[in-house]
Each structure stands twice: as structure tokens, then as C-alpha cells.
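5 is the number of the first residue of the sequence shown in my numbering; add one for each residue after it.
Written below as C-alpha cells is the structure these notes are about.
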Amino acid sequence: MQRNVAGFLNAMVGLDVVTGQEVAERFERDESHCPPQRPVAVVFAHTESDVMRVFQAASDWKVPVTPSGARTGKCGAAIAAKDGVLLSFEKMNAILSIDVEDMTATAQPGVVLKDLYAAVEKVGLFYPPDPNSWETCSLGGNVACNAGGPSALKYGVTGQYVLQMNWVLPDGRFIRVGRRTFKGVAGYDLTHLFVGSEGTLGVATEIVLKLLPTPRAVRTALFSFSSLRSAIEAGRQIFALGVLPRALELFDDVAVRAVRPHIDAVGLSAGAQAALIVELDGGSDDALLDELSRCVRATDPLETTVAGDQGQRAKIWNVRQSLSAALRRLHGLKISEDIVLPRSKVLTGIERFKAAGLAADLTVATYGHLGDGNLHTNVCFASETDRPRVESFVARMMEEVISLGGTVSGEHGIGLSKRAFLLSELGRAQYEVQRELRDFFDPSQISNWGKVFR
Ligand SMILES: Cc1cc2nc3c(=O)[nH]c(=O)nc-3n(C[C@H](O)[C@H](O)[C@H](O)COP(=O)(O)OP(=O)(O)OC[C@H]3O[C@@H](n4cnc5c(N)ncnc54)[C@H](O)[C@@H]3O)c2cc1C
């Protein structure tokens, strides 16, 4: 059967559907640099049965459906297919329950992460995944991209907290995968096949999350260094002390320059060419202060600022959160990647990208999660006419990442923007098996078709 949008829209009568100008303005792009694409309609799901109905009709009328969370994604994964519709989860945003004794939370996919944090904190529990977009991104998007953040070093990424999901398959069938218990190995682990699938294997309609006890103390510090090498070496020294920080965030010289006006407010040495945010958490403040002093002695920074209260801690993290915008203010345009390198290759990688940038007359800034090697490498440029040249530069950089044993995405996903690199990273045999798996779940080419694979 041919694609039939009119037939699909007829089948949607009674559901919450918008078309026209509102669709164009709010739903044609996400936070990536991918070209916009206007969906023919947006269907807002209110219930699980709405979602099943959308996929059943989409299968009948062969209309591609792109799931949509809060649209903060950075790889174009939530951009509609041509002549396709969006299925928005923003109105399925209830926190259904928090079970203190079982240490679980059950939530709908449209819940904004900051609301989940607030609800969980209220009962003294802790949900660790902390993407920097936590004030706006949704849980469904986090699950679909397997989002991570600074605390992934110690606590891991979203997938490590997903116990069970209600899942609607691309043909509209409903299944429940996983279990509410913290352990369980019966059957294939479909939960963790679906986590990170970027909407290509169906959608989550309810998610049960594992929670942890809240650490009683947190200490955050900003260390400044005279060179990138000494900052990276400092990270190594901290691990060598037997300390596993909750976060270990790196700023290179370009990043330091970009945030310098904000950084002065939190006290960073005038000579700093690199910086680290070191955050520790645990049972007692005294023990953390003692560990921080040991870290300072072992790493010998130019200057150290230890946040004395929540306000100062927030100021340090604001510097980190303002980085992307600060780089844009300094350089105009940028393509930001989220590569991962083995820890032993981080310095080599960053130095190679900088040197290649210099040779190509491009500024390369690198910052991000030094602790797990997940780096935001930003290639900065001034004019749109440079974009094709910058894209070729990024493609060469990705080949280098793969040859160093790294990966092209640590947290943002593949979506549209990194499809070109996936074959290189996975190799032909695995790439084909993964594509066959997608085809098995979605033979009618419905669920976020065109993403991840070309
Ligand atoms: C300022 C900023 C900072 C960021 N920092 C981080 C960071 O630190 N770490 C990080 O990991 N990411 C980060 N991101 C990227 C982004 O916030 C994450 O990828 C986030 O998980 C996307 O969530 P979303 O709700 O916006 O999803 P969307 O962008 O709407 O969608 C993302 C993907 O999820 C799919 N999807 C949405 N809902 C469902 C569902 N219910 N079932 C199945 N698939 C679904 C979509 O189809 C798409 O493939 C950042 C983005 C910005 C703008």
C-alpha cells in the first residue's frame, strides 16, 4: 500500500492533533544543526491507547511516525521524516508513583527531568542521571538516547536505572519489558535493547526507574592548571589516589577563554589554560574535604576554589552550563560533537584535533566529561559558507576517533547527523545485523524510519 497521510489523519479523529502554523514553528527542528523538516501533523498522546492507535493507523496507512519528547536532542533524531507525523509525549507527563521501600519511581515518558528530581528528592531518594539539559529534557528522550551527564563517571547513564518499560511496538502491539526488581535475568534483555534505540524500535509509554539513597554530602571544587596536559594528568592522579569523583569535568584553553567572564566570579587563576571541576559525594563532609585536600596535594593546581555552600556550587556548575553559549558568543557558529576516547588517548586525541584545526584555520574547543573520556569537541567557525569545509573536517575527526579506539557518540545518539559514521565504527557485519534487527521490529518502516541507519 502507498503512503496515505489523509487516511492516517482520518483514523486520528478524536485524538489531540495539530497541523498548520503551530507545527511549523514548534516542531520542525530540535537542538541539532540538522535541516528542519515540517511534519504534516503532530499527534499529542494522552494515554497508552492513543499511542497504540497512532502506530496501528500508521502501519495501516504506511505513514512514518517520529516520537518526540522535549526536542532538546542534538543529533536530529526527533526531526520528522518527509511526509511524516510526530507523536509528541509532552502531555503524557505524570509521575505515577514513587515507592520508597522498593526504591523505584514509575513515570510517563513526557516527565521533564527536573520534575522527577524534585519528586524523588522530596522522599529522600536520588535519581543520578544528570544531562545538562535536565531543566527541559524529558525522560522518554533520555531513555531513547540513553542520556548521560557529569555524574555518569560514578553512577552510569540512564539505561542503568531503567528497570521496566511499557513499550508500544511499531505495529501498535503492546509489551511490557524488564521487571521492577533490581535484579533479574529471565529471557532476553529487551529493556536494554530498546534503551538507546532513538525511537526506531517503538516507544516507551511508562518507565520504572531504579533510585538510590541520596548521598549525605557533596563537595564541588574548581581547579585551574597552566596546561591541558597538567589538567589531564591531574585526572589520572585523582584516580591513582583511589578516589572516584562524582564528576570530573574538563575545560581546555579555548573553553577557559570563552567562559573567563563567568569564571572570574568563581575564582580561577589568571594564568589558567585549562580547568577541572572535581565533585565528590559520600557519607560525610569531613571525609570529602579530606579527600579533596589529598586531590589538591597530588595534582598541584595553580588555584583551587572549593564551593562552601549550594550557592557557590551552583555558580561553578553555571560556568559549565554556560560553556556552549559562551563559545558561540566568541566564535559565532560551531559544530559540537560528543565523542568518547579511551582515557589513555584523551590528550593525544585533543592535541591532534587542535593541530588539525590549526592547519585548517579552524578553532577546536574541547570540554566535557574527562572522567569517562566523553568529550564535547566543538569546531568553531564564523560564516555559514564555511559549513561544508567544517563538516569534512568533522568527518576526518570522527575517523581519527574510531582509529584511537573511541566512539562517535557517548550520549547524544546517532539520529541524522552521525549516520555517516556508524558503518565505520561498527564494521559492515555488525552494521548489517543491527539493521536486520531494526527491520525485524519494524518491517513496515514506521517508527522513526531514516534515523540511525541510512
Ligand atoms: C543545552 C543542552 C545540553 C545537553 N546536555 C546533554 C547531556 O549532558 N547529556 C546528554 O545525554 N544529552 C544532552 N543533551 C541532549 C538532549 O537533551 C538529550 O539527548 C535528551 O535525552 C533528549 O531528550 P528530549 O526529551 O529532548 O528528546 P527529543 O529530542 O524530543 O528526542 C530524542 C529522541 O528520543 C526519541 N523519543 C522521545 N520520546 C520517546 C519515547 N517515549 N519513546 C521512544 N523514543 C522517544 C525521539 O524520537 C528521538 O529519537 C543536551 C541538549 C541541550 C540542548
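We put the beta carbon where it would ideally sit given N, CA and C, even for glycine.
Computed from a predicted structure; not experimentally measured.
Asked                                                                                                                             : Found
Exposed unless 16 or more other CB atoms sit within 10 angstroms - verdict on residue 295                                         : buried
Within 7 Å, strictly: CB atoms of residue 47 and residue 91                                                                       : yes
Option nearest residue 260 by Cα separation, candidates 204, 325, 72                                                              : 325
When 322, 327, 455, 221 are compared against residue 292, the one with the closest alpha-carbon                                   : 221
Endpoints, the beta strand (DSSP E) within which residue 65 is located                                                            : Residue 65 -> not in any beta strand (DSSP E); alpha helix (DSSP H) instead, spanning 52-65.
Exposure of residue 1, with buried meaning 16 or more beta-carbon neighbours within 10 Å                                          : In this structure the chain extends from 5 to 458, so residue 1 is not present and cannot be described.
Through-space distance from residue 307 to residue 278, alpha-carbon basis                                                        : 11 Å
6 Å CB neighbourhood of residue 386 in its chain, flanking five on each side removed                                              : 336
7 Å CB neighbourhood of residue 299 in its chain, flanking five on each side removed                                              : 242, 245, 247, 282
Per-residue burial, residue 73 [other beta carbons within 10 Å of its own, 16 or more giving buried]                              : buried
As assigned by DSSP and simplified to three states, the class of residue 395                                                      : helix
Residue 443 - DSSP class collapsed to helix/strand/coil                                                                           : helix
Contact belief for residue 429 with residue 412 at Cβ below 8 Å, rounded distance in angstroms                                    : 6 Å
Residue closest to residue 195, alpha-carbon to alpha-carbon, out of 219, 210, 453, 169                                           : 169
Any non-hydrogen atom of ligand 1 within 6 Å of residue 175 CB                                                                    : no
Three-state secondary structure (DSSP) of residue 357                                                                             : helix
Beta-carbon contacts of residue 346 that lie in its chain and below 8 Å, excluding the five residues immediately before and after : 377, 408, 409, 410
Residue nearest to residue 254 in terms of C-alpha spacing, selected from 444, 239, 199                                           : 239
Option nearest residue 6 by Cα separation, candidates 427, 209, 416, 66                                                           : 66
Exposure of residue 288, with buried meaning 16 or more beta-carbon neighbours within 10 Å                                        : exposed
CA nearest to the CA of residue 318, picked from 99, 435, 223                                                                     : 223
Contiguous alpha helix (DSSP H) assignments of at least 4 residues, all confined to the segment 141-165                           : 143-149, 156-159
Beta-carbon gap between residue 330 and residue 263 smaller than 7 Å                                                              : yes
Cβ contact (3+ pairs, closer than 8 Å) linking the segment 38-52 and the segment 155-164                                          : no
Reduced DSSP secondary structure (H/G/I, E/B, other) of residue 181                                                               : strand
Cβ contact (3+ pairs, closer than 8 Å) linking the segment 80-95 and the segment 16-36                                            : yes
DSSP bridge partner residues for residue 31 (one or two, in chain order)                                                          : None, per the DSSP bridge assignment.
Residue 404 beta carbon near ligand 1 (any heavy atom closer than 6 Å)                                                            : no
Neighbourhood of residue 426 by C-beta distance below 6 Å, restricted to the same chain and skipping five residues each side      : 418
Own chain residues within Cβ distance below 7 Å of residue 367, not counting five before or after                                 : 258, 335, 361, 384
Check: residue 43 C-beta below 6 Å from any heavy atom of ligand 1                                                                : no
Range of the contiguous alpha helix (DSSP H) that encloses residue 298                                                            : 289-303
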